[in-house]
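A.B. asks:
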Amino acid sequence: MLRIDNFTATRLLSLNVRTENHGDGLARAIDLKCQMDAPNTFLQQLAPELLGMLFMPVEQPDAQAKLDGVPDTMPLLRSHAIKWPLALEGDYAGYQITVDRGLGGSSNMVLQEAKLNKLQLTCMEGGTVQLQYRLQVSNVGDEVIGKLSSYIKSDMHIALLPPQVKPAAIDGSQAAFDADHPDAGKQADDKPTPTGHEAGDTLAANEAAGLNKPASEVPAAKKKRSGKPSLKVVEKEGAAA
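Take 489 as the starting number for the sequence shown in the numbering used here and just add one per residue.
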């Protein structure tokens, strides 16, 4: 997914103003066609396999050792049979666009809930990638449209952040617990805990076999001697009263 953390020079190729339904009424919306140049390592953001599919490293003699910690560069196009630009699938919502107006802080324009789509790549020898994409923003005021119009056919510096992934809600229901812990109702020997009906059947079977006895007939368990010396005081014979 495309992400631009730092303000990056981006050419605004065109700006289209349109009207769309917004609630019970109509609202202004804009389409921004943007273009930027980036090193081909940028392709790994879009899809990890793209870099190796479109570029290849320079062939080097076997005698030339590779330096540890230095990544391989892939400046050469793998094929000249591709017709550029190459279109990529994807339609992403929830982007935040920040346009640097030069003074920073509150002077920046921030547009929320933008859509990103129509990504196209043009790869060039030397390892440069030209990326084109469209940003769509709804419910935009005339002041913002006027400021953005001043950048048409020129560079603006923007940051582009994708939506944050919210953590999944915790399901505290008994059904969710049983699904996550299927063995929670089993005893240590992996035998299922008997239900009330099964326990009653066992009691009846023991009664018929004469195995159930009242508590008065059950012999008390013998106490084990602790092995410690007795503290009982033994009176010596003939001791004075």
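Beta carbons are placed, not taken as given, at the ideal position from N, Cα and C, and that holds for glycine.
1. Quick check on this structure: which residue in Ala663, Gln608 and Leu514 has the alpha carbon closest to the alpha carbon of Ile570?
2. Taking DSSP's pairing of strands, which residues face Val617 in a bridge?
3. Are the CB atoms of Ala647 and Thr586 nearer to each other than 8 Å?
4. Going along the chain, which unbroken runs of the beta strand (DSSP E) with 3 or more residues stay wholly within the stretch 625-652?
5. Have a look at Gly540 and Arg506 and give me their C-alpha separation to the nearest angstrom.
6. From Leu619 to Asp630, what does the alpha carbon distance come to, in whole angstroms?
7. Can the beta-carbon of Arg491 be found less than 8 Å from the beta-carbon of Gln523?
8. Please list the terminal residues of the continuous alpha helix (DSSP H) segment that includes Phe664.
9. Does DSSP put Ser594 in a helix, a strand or coil?
10. Taking the Cβ atom as the reference point for each residue, do Phe530 and Gly615 lie within a distance shorter than 8 Å?
11. Taking all protein chains shown into account, decide if His546 is buried (16 or more other Cβ within 10 angstroms of its Cβ) or exposed.
12. Return the residue from the list Asp666, Tyr580, Arg516 and Glu613 that minimises the CA-CA distance to Val653.
13. Using DSSP bridges, identify the partner residues of Glu547.
14. What do you get for Ala602, buried or exposed, if any count of 16 or more other CB atoms within 10 angstroms of its CB means buried?
15. Quick one: using the 10 Å Cβ neighbour count with 16 as the cut-off for buried, is Gln662 buried or exposed?
C.D. replies: Inspection of the coordinates gives the following:
1. Gln608
2. Per DSSP, Ala526 and Cys611.
3. Thr586 is positioned such that its CB atom lies closer than 8 Å to that of Ala647.
4. For the stretch 625-652, the continuous beta strand (DSSP E) assignments of 3+ residues that do not extend past its boundaries occur at 643-649, in sequence order.
5. 39 Å
6. 28 Å
7. no
8. The sequence as given places Ala at residue 664; Phe does not occur at that position. Ala664: member of the alpha helix (DSSP H) spanning Gln662 to Asp668, first to last residue.
9. helix
10. no
11. Here residue 546 is Val; the residue named in the question, His, does not match the sequence. Exposed: under 16 other Cβ atoms inside 10 Å.
12. For Val653, the nearest C-alpha among the options comes from Tyr580.
13. DSSP lists no partner for Glu547.
14. buried
15. exposed
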